[in-house]
Amino acid sequence: MSETKAFVPTMGALHAGHLSLIEIAKSFSSNVVVSIFVNPLQFENPDDLATYPRDLDRDIAKAREAGATEIWSPTYDEIYPGEIAPISSGDLGKKYEGVGREGHFDGVLTVVDRLFKHIAPQWAVFGEKDFQQLFIIKRWVKSHNIPVEIVAAPLIRDLDGLALSSRNVRLSREDRKAALVISRALRQATSERSIESARDRLHDVLTSEPGFTLDYAEIINEDNFEPATSSRKGRALVAGWVNGVRLLDNMPMSSKSKVVAE
Ligand code: AMP
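Here the working numbering is used: the first residue of the sequence shown is 1, the next is one more, and so on.
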């Protein structure tokens, strides 16, 4: 058995998106470590933290079934035994997801740093679902010469197009219908020829659904996370709310994302 480890950090409430990360991790190492830790540092809203779905027994069974060889569900004190010096996510940490969620990405980097130090993996798999998070983590790993290869996993959708998320359990049938405007807008925008018409289409479709409150919609360049000036390497990002549930999605300008049933 090899000594290497591939790592999949999660906050639990595992769904097919998380399990796809475990599948990918298996292709890097025969040792796949999955962590389950709901990190209070990355929640700016105490209600969201309190109501975040938790079901450890079910998660452990699912992770094992998907091929995890080690599951680690640390306590708060194991991760944060003393003073916490948050790691800065810089200017980008204050944009898009960072605007209404102060300190969110600093909290993400701080926990990822602690998890990496405990587990010492060679690879860590993160989902493109959280595209800004993935970018910030990759940039931090590179600039700090952290000896972990960050592996990006494609975003997994439900059959109806909704991006899988642990928070989707809070959506009623009606809410879900409204939420589908997001993937519809992304599909239509990413099939536009010019970046200008893609931006227009994204906004037009998103604002056509009264049940959806838009937070932001932008097409960024995947290389630098700046607003894209052409479709090349562009990725459309959307975040918003349906009946108090925050939803996040994105799609590359060049290809269609994978779809699976939960
Ligand atoms: P979370 O438990 O929400 O912190 O997510 C743990 C990891 O799973 C992160 O790297 C997420 O980007 C990833 N993830 C969550 N949902 C999806 C999805 N629908 N498709 C792919 N990866 C996902």
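Beta carbons are placed, not taken as given, at the ideal position from N, Cα and C, and that holds for glycine.
By DSSP, does residue i sit in helix, in strand, or in coil?
{"i": "L247", "result": "strand"}
{"i": "V259", "result": "Reliability fails at V259, whose pLDDT of 49 lies under 50, so the model's placement of it is uncertain and the value that follows must be treated cautiously. Residue state, collapsed to three classes: strand."}
{"i": "Y76", "result": "helix"}
{"i": "R235", "result": "strand"}
{"i": "R101", "result": "coil"}
{"i": "M11", "result": "coil"}
{"i": "T207", "result": "coil"}
{"i": "E83", "result": "coil"}
{"i": "P40", "result": "helix"}
{"i": "A228", "result": "coil"}
Looking at the strands, I want to know which residues DSSP matches up with residue i.
{"i": "V242", "result": "V245"}
{"i": "G127", "result": "A153"}
{"i": "E70", "result": "V33"}
{"i": "P46", "result": "None, per the DSSP bridge assignment."}
{"i": "A6", "result": "V32, W123"}
{"i": "P252", "result": "R235"}
{"i": "A61", "result": "For A61, which the question treats as bridged, DSSP gives no partner whatsoever."}
Go through its chain and collect everything with a Cβ distance to residue i's Cβ below 6 Å, but skip five positions before and after it.
{"i": "M253", "result": "T190, S231, G234"}
{"i": "E222", "result": "K233, R235"}
{"i": "I71", "result": "V34, I60, A63"}
{"i": "M11", "result": "V38"}
{"i": "V8", "result": "L21, I22, A25, V34, V125"}
{"i": "T213", "result": "G240, W241"}
{"i": "L115", "result": "P9, S35"}
Could you tell me the boundaries of the alpha helix (DSSP H) in which residue i lies?
{"i": "E23", "result": "16–26"}
{"i": "D106", "result": "104–119"}
{"i": "K177", "result": "173–190"}
Near residue i, which residues of its chain fall below 7 Å by C-beta distance, leaving aside the five closest residues on each side in sequence?
{"i": "L14", "result": "D59, K62, A63"}
{"i": "E44", "result": "R101, E102, G103, H104"}
{"i": "L162", "result": "N168, R176, A179, L180, S183"}
{"i": "E262", "result": "The predicted position of E262 is uncertain, since its pLDDT is 41 and thus under 50; a value taken from the coordinates is nonetheless stated next. Here the set comprises H15, A16, D158, L164."}
Which residues bound the beta strand (DSSP E) around residue i?
{"i": "T213", "result": "213–221"}
By Cβ distance below 8 Å, which residues in the same chain neighbour residue i in space, the five residues on each side in sequence not counted?
{"i": "R54", "result": "G12, A13, V38"}
{"i": "I84", "result": "L41, T110"}
{"i": "Y76", "result": "P40"}
Segment contact, 8 Å Cβ cut-off, at least three pairs: the region 156–169 with the region 240–250: The count of Cβ pairs closer than 8 Å, one atom from the region 156–169 and one from the region 240–250, reaches three, so the stretches are in contact.
Stretch pair the region 83–91 + the region 44–62: three plus CB contacts closer than 8 Å: The way I'd put it, the region 83–91 doesn't touch the region 44–62; fewer than three beta-carbon pairs between them come closer than 8 Å.
Any 3 or more C-beta pairs closer than 8 Å across the region 55–66 and the region 133–145: Look at the beta carbons and you see the region 55–66 not touching the region 133–145: under three pairs across the two are nearer than 8 Å.
Meets three-Cβ-pair contact criterion under 8 Å: the region 198–209 and the region 72–86: Not touching, per the Cβ criterion.
Inter-stretch contact (C-beta, 8 Å, three-pair minimum) for the region 127–136 and the region 100–114: Three or more pairs of CB atoms, one per stretch, sit closer than 8 Å, so the region 127–136 contacts the region 100–114.
Segment contact flag, the region 116–128 with the region 141–153, C-beta cutoff 8 Å, min 3 pairs: Flag = yes, the region 116–128 and the region 141–153 touch.
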